[in-house]
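All the letters of the sequence shown, read from the start, carry residue numbers 24 to 267 under my numbering. Every residue gets a Cβ at the ideal spot worked out from N, C-alpha and C, and that includes glycine.
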Amino acid sequence: MNSRARLALALLLPFLAAGVQWTLWDPWIKPYVWFLFFPVAFFGAWLGGLKGGIGGTGISALLVWFVFIPPQLSFELQSPSAGFSIMVFVIMGCLFAGFHEKLQRALYSSEVRFEATFERAAVGIALTTPNGRFLRVNHKLCMITGYSAEEMTTMSFPDITHPSDLEADLANVRRALAREIDSFSMEKRYVRKDRSLVWINLIVSLVRKRNDAPDYFIAVIDDITSRKLAEQRFAQLFERAPVG
24 MNSRARLALA LLLPFLAAGV QWTLWDPWIK PYVWFLFFPV AFFGAWLGGL
74 KGGIGGTGIS ALLVWFVFIP PQLSFELQSP SAGFSIMVFV IMGCLFAGFH
124 EKLQRALYSS EVRFEATFER AAVGIALTTP NGRFLRVNHK LCMITGYSAE
174 EMTTMSFPDI THPSDLEADL ANVRRALARE IDSFSMEKRY VRKDRSLVWI
224 NLIVSLVRKR NDAPDYFIAV IDDITSRKLA EQRFAQLFER APVG
């Protein structure tokens with residue numbers, strides 16, 4: 024649902040609440056004039072943001088004043104308490120809208136920062152299910168493996184792990200799921216899409232749900248192929264050295 028539709032729905036909620044309250048007024052709700060309208064103010068802010076919350080609050084206040092506050096079907100006020108109740112409702116509705124707007128902005132800012140961190144990181148990052156299927160991968164990991172993000176989300180980490188390194192990796196995963204460890208790191212090889220090998224340093228942490236059940240793994244992957252090749256060349260030179 025787009026923002027305009029959400030705003031329109033937020034502004035229609037007061038009329039819906041007024042219709043329901045009018046239907047139930049004499050046998051059930053009377054004299055609680057604000058019975059259905061505090062929820063309307065809250066959900067108006069949730070649906071339409073600041074504009075929806077304030078607009079829905081204003082429409083609700085006018086409807087209640089005209090339809091439900093005695094004398095009904097007029098904008099007269101028989102007592103100061105009725106005017107005070109209208110003022111309290113308007114203030115509360117505006118507060119709902121303001122607080123919700125601040126929460127939405129904070130959430131949006133947090134999401135933007137997360138997206139920037141995730142996608143622009145200098146290392147590969149992956150979120151995987153407890154059974155190893157990729158939920159999400161960043162651009163750097165796609166560069167390391169040679170697969171696109173769409174391809175990787177149809178795969179699991181055993182699909183790209185070198186067979187000789189797979190059992191050690193799976194053993195660490197089993198230990199994490201069994202609560203023996205919270206995280207682990209290891210060096211292993213990925214088999215790229217073009218079937219070439221790349222050495223990586225893998226750091227994995229398990230995130231659990233509130234009920235302590237495993238939720239997903241966070242994996243940080245660093246390409247260490249150049250370092251491994253340098254180590255192999257050094258080892259070869261060391262073995263061929265003419266002196267002890």
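In whole angstroms, what separates the C-alpha of residue i from that of residue j?
| i | j | result |
| --- | --- | --- |
| D49 | F60 | 17 Å |
| F58 | I109 | 13 Å |
| R159 | I114 | 43 Å |
| V31 | L96 | Correcting the residue type first, residue 31 is Ala in the shown sequence and not Val. In a straight line, the C-alpha of A31 is about 25 Å away from that of L96. |
| R233 | Y239 | 13 Å |
| S225 | Y213 | Residue identity differs from the one stated: residue 225 is Leu in this sequence, not Ser. If I take the Cα positions, the gap works out to 11 Å. |
| K74 | R250 | 57 Å |
| R218 | K163 | 18 Å |
| F293 | D192 | This structure cannot speak to residue 293, because the chain is shown only from 24 to 267. |
| Q127 | M24 | 16 Å |
| V135 | K125 | 15 Å |
For residue i, is the classification buried or exposed, using 16 other Cβ atoms within 10 angstroms of its Cβ as the cut-off for buried?
| i | result |
| --- | --- |
| A84 | buried |
| Y55 | exposed |
| T80 | buried |
| P37 | buried |
| G78 | buried |
| G76 | buried |
DSSP three-state call for residue i: helix, strand or coil?
| i | result |
| --- | --- |
| P54 | coil |
| S132 | helix |
| M209 | strand |
| L47 | coil |
| S179 | strand |
The ligand NAP and residue i: does the residue's C-beta get closer than 7 Å to at least one heavy atom of that ligand?
| i | result |
| --- | --- |
| T152 | As presented, the structure is devoid of all ligands, the ligand NAP included, so that no description of it is given. |
Report the partner residues of residue i according to the DSSP bridge assignment.
| i | result |
| --- | --- |
| V160 | A149 |
| N224 | E210 and D245 |
| P62 | None; P62 has no bridge partner. |
| R29 | R29 is not bridged to any residue. |
| Y239 | V230 |
Indicate whether the contact test is met: 3 or more Cβ pairs, each with one atom in the stretch 148-156 and one in the stretch 175-190, closer than 8 Å.
-> Output reads yes: the stretch 175-190 touches the stretch 148-156.
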